[in-house]
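The block underneath contains the structure these notes are about, expressed in structure tokens.
Residue numbers (our numbering), protein chains in the order written: chain A, 11 to 437; chain B, 29 to 351.
As structure tokens, then:
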């Protein structure tokens, strides 16, 4: 009798496990897929960057115009730097932020870009080459592009102070970030960074949990509160880091933050769900909230903006046809179509003249000159971004980019800063 | 799951069916070909090689790198303990205040303990239901698969899906306020310890349940009848008869849950609104800023902590013998 029970028990158990294992195996196998295989003939460029800049439209257009296939490798901002430093042979073109150059150029993994091969190199906005707009100097705290754009030679591992023939990166997109707000839930004007830590919004604010950027937003708040004036928010002393983090910790302990966010989509969710009414934000996130029909404003503030900029770089390992194709692609990128495409999303492009040629006059007036929209403004994918009569937040290009307070940066005291930031998260 | 082939519950005598593969081959052929392939070492070699290359190797590298120096863009071979010093920066000097590392481990251990207790009770009850209450195998399989539903979507989507339920304007708050039970939205439903634990339990009860189911399937149902005949109630049977027999399953499940929770940073990050520290998050931040040696040192410390916990658990039961 015991034998019989044992047998059925074993059988049952085996059948049971087999049944579930089969299903599990099927589920696992569907998730595996072979990497795409490409033919030899037309040149394929492996384009490493963040997903935000990797539009299918640009890849399709460049395929049509130049016959070059763009193979996007979308990773996070941090992973772009990691790949550039540790695996420079895994891509042919990199789209990376200027602030990261301080960590990448000393490795020698980036090839200086020969400006004589860039047709429109002298048309690149002076914001990058000289740090000026219309001859007016703009804020250069932090890693301003003009500090890291020149290289003494093609194979250099350092930056040049004066313009040379070689550029580290050819700018792709740039913009100025500020706080996003829900005007419908706040119900009064917001004018200062200090509002982020205003107890009025206790439990309804958020700051981004990317230390190098989060601390800059925090520094803008500290300055706006009148607690301290930084010599350079993008390169703080240890005492300044302590002060900034202590301010954040105090606010956190008082329950000021509903959450911190790290991922673009998290910021969209926080804002759209009303969990948060004022927070650090990126402009495409504001657009994403708006397209859900929710009132969200990228609020210009009197203390100015935190700017960022990205550009194309070449890994040292790229050569031959791929190198030529990379230069062709970059020249194409600056020639107008892509610039117009980016400007229509609220970013700014490197060569403004060619972008203007590819935009309708009413579009240019709305996006770049700060004028009320003469007719409805559509995104490149056909979504309504602004109704006729609306004005772009931050006004014109000169107004917006002219009000830069600091640039995204990598500090000399980076290691200490990150330790302190972890303290804030653990507090 | 080689345990399937082994002799089941303690009441059944050892069976003749269980024959080692080598002997079986010898019996069928009438001779004893002791080829190299028949040796136990050859049999474990493939797995051993895979483990060496993909597990032991990286582990040793991590240990080595944790003693290296680093700059913002490079790591340099060296032998320095400064990374370990940095991990425990201020831990002694600041007492009785907790340093970041101690505070982080304390918070992670707290989650570990709570999640372990809840998943254990839930896992045990669910396993009991599937094994002893459901009579047909097909129903058992269906119910078992229903338990895997949380794994059908990506981790991130699963966690974001909690917001419309638990959020300030979420379903629960709307319902409570609609019923007049509360006048203000309850804030601690989301981005709190509560939501982190909820998400962990939702995700990892399965890991506790499966090994317990495995153990329970080996239990002779007549034992329960015998216990019942002897006058034991359900709770007594569960605690004094079934639980001891499920000990290996419980320990294996506990190891799963504890190791996953100790190393988790995604769930704590998303459900805690990024405001709750976890060891994994600290390591991730350091890796993102290319501080690889200190991240490695942190990983080694975490590994040590988890190993101590597992060692403690295996003291309670000899898993190898029980299998």
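Heads up, the beta-carbon is just placed ideally off N, CA and C, and yes, glycines get one too.
Exercise. Should residue 140 of chain B and residue 337 of chain B be called a contact, given that it needs their Cβ atoms to be closer than 9 Å?
Worked result: yes
For this session: Can you grab the Cα-Cα spacing for the pair residue 132 of chain A / residue 360 of chain A, in whole Å?
Result: 11 Å
Problem set entry | Straight-line gap, residue 5 of chain A to residue 233 of chain A (C-alpha atoms, nearest Å) | This structure leaves residue 5 of chain A out entirely; chain A is present only between 11 and 437.
Exercise. Which one of A:112, A:146, A:396 has the shortest CA to CA distance from residue 100 of chain B?
Worked result: A:112
For this session: Leaving out five residues on either side along the sequence, give the residues of the same chain with a beta carbon under 7 Å from the beta carbon of residue 438 of chain A.
Result: An answer regarding residue 438 of chain A cannot be provided, because it is not within the stretch 11 to 437 covered by chain A.
For this session: Mind checking which residues open and close the alpha helix (DSSP H) that includes residue 417 of chain A?
Result: It is not in any alpha helix (DSSP H) - residue 417 of chain A instead sits in the beta strand (DSSP E) that spans 414-417.
Problem set entry | Chain-ordered neighbours of residue 385 of chain A on chain B, where CB pairs are closer than 8 Å | Residues of chain B passing the Cβ test: none, with the nearest at roughly 35 Å.
For this session: Taking a Cβ distance cut-off of 9 Å, strictly less, list which residues of the region 78-102 of chain A are near chain B, in chain order.
Result: If the cut-off is 9 Å between Cβ atoms, the region 78-102 of chain A has 86, 87, 88, 89, 91, 92, 95, 96 near chain B.
Exercise. Quick one: is residue 250 of chain A near chain B, going by C-beta distance under 9 Å?
Worked result: It does not; no Cβ of chain B falls within 9 Å.
Exercise. According to DSSP, is residue 129 of chain A helix, strand or coil?
Worked result: coil
Exercise. Per DSSP, what kind of secondary structure is residue 179 of chain A in: helix, strand or coil?
Worked result: In the structure shown, residue 179 of chain A sits in coil (DSSP, three-state: anything other than H, G, I, E or B).
For this session: Using 10 angstroms around the beta-carbon of residue 388 of chain A, count the other beta-carbons present and answer buried if the total reaches 16, otherwise exposed.
Result: exposed
Exercise. What is the residue span of the beta strand (DSSP E) that residue 320 of chain A lies within?
Worked result: 315-325
Problem set entry | Rounded straight-line distance, which links the Cα of residue 269 of chain A to that of residue 114 of chain A | About 31 Å.
Exercise. Is it buried or exposed for residue 207 of chain A, if we count other Cβ within 10 angstroms and need 16 for buried?
Worked result: Buried.
Problem set entry | Per DSSP, the bridge partner or partners of residue 267 of chain A | A:215
Exercise. Count the other CB atoms within 10 Å of the CB of residue 241 of chain A; is the residue buried (16 or more) or exposed (fewer)?
Worked result: Exposed, by the Cβ-count rule.
Exercise. Applying the criterion that 16 or more other CB atoms from any shown protein chain within 10 Å of the CB defines a buried residue, is residue 434 of chain B buried or exposed?
Worked result: There is no way to answer for residue 434 of chain B, as the model of chain B reaches only from 29 to 351.
Problem set entry | Validate contact between the region 69-83 of chain A and the region 352-369 of chain A using beta carbons, cut 8 Å, 3 pairs | no
For this session: Compile a chain-ordered list of the residues in the region 266-278 of chain A whose CB is closer than 9 Å to at least one CB of chain B.
Result: 267, 268, 269, 270, 271, 272, 273, 275, 276
Exercise. Whole-angstrom Cβ separation of residue 290 of chain B and residue 238 of chain B, contact assumed at under 8 Å?
Worked result: In fact, because the Cβ distance is near 19 Å, the residues do not count as touching under 8 Å.
For this session: Give the DSSP-derived three-state secondary structure of residue 120 of chain A in the structure shown.
Result: Residue 120 of chain A: strand per DSSP, three-state reduction.
Exercise. For residue 243 of chain A, does the three-state DSSP call read helix, strand or coil?
Worked result: In the three-state reduction of the DSSP assignment, residue 243 of chain A falls in the coil class, being assigned neither a helical nor a strand state.
Problem set entry | Under the three-state DSSP convention, the category residue 146 of chain A falls into | Strand.
For this session: Name the residue from A:384, A:376, A:318, A:392 whose alpha carbon lies nearest to the alpha carbon of residue 418 of chain A.
Result: A:318
Exercise. If you run the structure through DSSP and keep just helix, strand and coil, what is residue 343 of chain B?
Worked result: helix
Exercise. Buried or exposed: residue 219 of chain A, going by 16 or more other Cβ atoms within 10 Å of its Cβ?
Worked result: Under this definition residue 219 of chain A is a buried residue.
For this session: Please work out which residues of its chain come closer than 8 Å, Cβ to Cβ, to residue 297 of chain A, disregarding the five sequence neighbours upstream and downstream, and give them in chain order.
Result: 355, 356, 389, 395
Exercise. Roughly how many whole angstroms lie between the Cα atoms of residue 142 of chain A and residue 431 of chain A?
Worked result: 33 Å
For this session: Compile a chain-ordered list of the residues in the region 282-294 of chain A whose CB is closer than 9 Å to at least one CB of chain B.
Result: 283, 284, 285
Problem set entry | Pairwise C-alpha distance: residue 89 of chain B and residue 81 of chain B | 11 Å
For this session: Work out the CA separation of residue 135 of chain B and residue 231 of chain A for me, nearest whole Å.
Result: 29 Å
Problem set entry | Distance between residue 344 of chain A and residue 129 of chain A (C-alpha atoms, nearest Å) | If you take the alpha carbons of residue 129 of chain A and residue 344 of chain A, they lie about 9 Å apart.
Exercise. Grouping DSSP H, G and I as helix and E and B as strand, with all else coil, what is residue 105 of chain B?
Worked result: coil
Problem set entry | Between the CA atoms of residue 142 of chain B and residue 292 of chain B - distance to the nearest angstrom | Rounded to the nearest angstrom, the two C-alpha atoms are 15 Å apart.
For this session: Report the rounded CA-to-CA distance for residue 314 of chain A versus residue 413 of chain A, giving the unit in angstroms.
Result: 5 Å
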